[in-house]
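Top line first, the protein sequences correspond to chains V and D.
Mapping of the first sequence onto the numbering used here: residues 6 to 116, in sequence order.
Mapping of the second sequence onto the numbering used here: residues 14 to 574, in sequence order.
Ideal Cβ positions, reconstructed from N, Cα and C, are used throughout, including at glycine.
Heads up, the thing below is written out as structure tokens.
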Amino acid sequence: MPETPSDELERLRRLVGPSERSYEDLRADVAGAREAAREALAETGRLRGELAEMRVELARARQDQDTLQRRREMGVVEHLGDLVREAWREVLRPLAGRVLGAVGLRRPGPR
Amino acid sequence: MTRFSIVTTVFDPDPAHLAACLDSVDGQTLADWEHVVVDDASTDEGVIRLLAERSTHPQRRLVRRRRNGGIVAAGNDGLAAASGDHVVLLDHDDVLAPVALERFATAIDAAIDAAIRPGIDTTVDVLYSDHDLLRPDGRLASPVFKPEFSPERLRNHNYITHLVAVRRQLVLDLGGFRAGLDGAQDHDLLLRATEGGRSVVHVPEILAHWRQAPASVAADTANKPAAYAAGARAVADQLHRLGLDADVTPGGYDGVYRIRRRVVGEPLVSVVIPTRGAVGRVWGCARLFVHDAVASLVGDDTSRSRLELVIVLDPAPPVVESGLRRIVDGRLPPERLVVVPYDRPFDFPAKIAAGVSAASGEYLLLLNDDTELLTAGSVDEMVGLAQQSDVGMVGAKLLYEDGTLQHGGHVYNGTIDHAFRGWSGDHPGPQRLLAVERECAGVTAAAALLRREVYEEVGGMATDLPMNYNDVDLAMRVRASGRRIVWTPHACWYHFESRTTDHPIEPWELERLLSRWPEVLSDDPYSNPNLLPGRADWLERPGRSGAPPYVVLPDGRRSWA
């Protein structure tokens, strides 16, 4: 990298000089600048990508927090009702199924 | 009357985990089942004792093997002993939801009810459900909400895993589990059982809890290299059976297979590029978009497909066409650059139609001019997929200028959007969705490949949607023709979207689309009803993210502590 503005000026003068070499140097300079811009954008993109993924995680966490918060704020009756529903689905219904099955009253299966 | 046979092979699991598994079977809300338990010569005293105690259940049959033969041999013993109509495969440490069999039964009933005319085959060959993971602390987590049956995705990885039921007679006809494929025997069975247009039903509900134990595939897929090598063989065998020429190797992610199809023949692919010769800046440099799009395409010397470039060009300075001729000079025969003048107002479908009329290829690659090929061989990847007769359209992975994802397939789940738009371009996505070839509801026409016969059969693109949603309409037409649409991550372009045109979506465009396809926003077969409508990032609906209010204790009971 040039040390001072005058160094940079001298470098640019050489690039736009009349020789074929100057043209090649200019092309290389443009290619280098393009690659630098591309890498900088790619780095930004990596961060943007992480942000996009984190936004989903945040939305998920907020949803979960909301669900838990609502459970926490439930009154006793609501809470009991919720517990009973869960218990019915996960414990009582299977248990009832087993009992009914044992006495031949449970749903037999698809027709 | 359908009866389920649950088949479980057992070899020295944690007795508490086995007990939880057996309890979950006993607790089924459906009555008619049998549980065939094959003890593959367990040595753990606790397991032996537990099996002896629990095999007194009248619906459980214990088959003891004298010598340990591995999961394939034991599984086949279980299949031989089963007598039900459908075989349900259950690992010795996994847990069924209480309603698992009931839901499968309901799905079979629904298939029967759906038969509106006598004589329609209502046989359900394969059923599968969603699942989640059962963590070592007993909590259920990481729900896996799956799409409707997706054969391409199944070849790329076993996205189905648990819970699966297969018609027993079909399993017997297939010869059961194949020897030599231990660890991938279930993937292999699924591949074979779902071939040939068989009836496959997805139940979008978590019916199995897959235990995440240290030695299991669920916890650490990296400790199963032999299983993945076997899986690659299973996939290769299926491709061979289907007459598809391809190499299969374990992919860049555990459990994912990389399928490299060989293009049959040297097909002519007409790349139809509508353009007005726009100029813009990308990565700090000015470019004439169509020039760079074409240069990147013809610069790919790995392609087996022959390219024909059909440029549908608005009135533009002569430098646009002369530049194109200079770019393709020496790389394509001159007659394979066709420039079609277009002087009407912008109308994407009309421009595509004009290009197709002038094209002579058997394949059509619809390509925006503001693109740049990123992955060599992309056209061949797309042609390889499109050479399957039941694939109607193939979409590509598109990246923005900054490398983030612009297109990972369409999602029509309460919205019309691109899956995971804005995520990192190299992200595999949840459940490896962005690392595998998979069926989609639709794909963007910014880079989409169709067989010409398909394009013509469905009537091309709708000319009454000149700006937006014409690709959605095309996708719906293709799917209505009974064909699949496949997105592949192995064909990749940069897409400098909206640098050349900018057409905000108008309300009438959505109304017109909905008038033609009223179900488009509510019936994406490759999304899942448990996912939040209006989003394309697989965010679950509230309360379904895998944070249940209870813990599963080692003995299988739920604790609401």
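Asked: For D:V533, the three-state DSSP class (helix, strand or coil); Found: coil
Asked: Alpha-carbon to alpha-carbon, V:T72 and D:S558; Found: 11 Å
Asked: Any chain V beta carbon closer than 9 Å to D:T417; Found: yes
Asked: Given 8 Å, three or more beta-carbon pairs between the stretch 412–424 of chain D and the stretch 44–51 of chain V; Found: yes
Asked: Integer-rounded CB distance, given that D:L301 should sit under 8 Å from D:G312; Found: 16 Å between Cβ atoms; not a contact.
Asked: Extent of the continuous beta strand (DSSP E) to which D:L102 belongs; Found: 99–102
Asked: Backbone secondary structure at D:R62 - three-state DSSP; Found: helix
Asked: Backbone secondary structure at D:L255 - three-state DSSP; Found: coil
Asked: Where D:D6 meets chain V, residues with beta-carbon distance less than 9 Å; Found: The structure shown has nothing for residue 6 of chain D, since chain D only spans 14 to 574.
Asked: Buried versus exposed, by CB contacts within 10 Å (16 or more), D:R254; Found: exposed
Asked: Counterpart residues of D:F8 in DSSP-defined beta bridges; Found: Beyond the ends of chain D as shown, which are 14 and 574, falls residue 8 of chain D; an answer cannot be given.
Asked: Helix, strand or coil at D:R191 [DSSP, three-state]; Found: coil
Asked: Supposed close pair D:Q251, D:R166 - CB separation, criterion 8 Å; Found: Going by Cβ atoms, the distance from D:Q251 to D:R166 rounds to 13 Å, so no, they are not a contact pair.
Asked: Residues, ordered as in the chain, of the stretch 397–421 of chain D that lie near chain V by beta-carbon distance below 9 Å; Found: L412, Y413, E414, D415, G416, T417, L418
Asked: Chain-order list of residues whose beta-carbon lies under 8 Å from that of D:L544 (same chain, five-residue window excluded); Found: F158, N426, W551, L552, E553, R554
Asked: At least three beta-carbon pairs within less than 8 Å, the stretch 84–95 of chain D to the stretch 49–59 of chain D; Found: yes
Asked: Beta-carbon contacts of D:D537 that lie in its chain and below 7 Å, excluding the five residues immediately before and after; Found: V424, Y425, N426, A454
Asked: D:I286, enclosing alpha helix (DSSP H) - first and last residue; Found: Run containing D:I286: none in the alpha helix (DSSP H); it sits in the beta strand (DSSP E), 281–288.
Asked: Burial state of D:V177 (16 or more Cβ within 10 Å); Found: buried
Asked: Short CB-CB distance (under 9 Å) between V:D118 and chain D; Found: Nothing about residue 118 of chain V can be read from this structure; chain V reaches only from 6 to 116.
Asked: Rounded C-alpha distance that separates D:V108 from D:G256; Found: 38 Å
Asked: Burial state of D:P156 (16 or more Cβ within 10 Å); Found: buried
Asked: contact_flag[the stretch 519–532 of chain D, the stretch 482–492 of chain D] where n(CB pairs < 8 Å) is 3 or more; Found: yes
Asked: The stretch 332–343 of chain D contacting the stretch 400–407 of chain D, beta-carbon criterion three pairs below 8 Å; Found: no
Asked: Buried or exposed (CB count within 10 angstroms, at least 16 for buried), V:A41; Found: exposed
Asked: Identity of the residue in D:T22, D:L146, D:S37, D:P441 nearest D:A94 by Cα; Found: D:T22
Asked: Rounded C-alpha distance that separates V:G80 from D:P111; Found: 28 Å
Asked: Three-state class that DSSP yields for V:S27 in the structure shown; Found: helix
Asked: Chain D contact residues for V:R65, given Cβ-Cβ distances below 8 Å; Found: L552, E553, S558
Asked: Cross-chain neighbours of D:C505 in chain V, by beta carbon under 7 Å; Found: The contacting residues do not exist; D:C505 stays about 14 Å from chain V at best.
Asked: Closer than 9 Å to chain V by CB, D:T21; Found: no
Asked: Distance, D:S283 Cα to D:P362 Cα; Found: 16 Å
Asked: Beta-carbon contacts of V:H84 that lie in its chain and below 8 Å, excluding the five residues immediately before and after; Found: R76
Asked: D:V216 to V:L56 span [Cα, whole Å]; Found: 33 Å
Asked: Proximal chain D residues relative to V:L46, where beta-carbon distance stays under 7 Å; Found: W296, E414, D415
Asked: Backbone CA spacing between D:A113 and D:L103 [nearest angstrom]; Found: 11 Å
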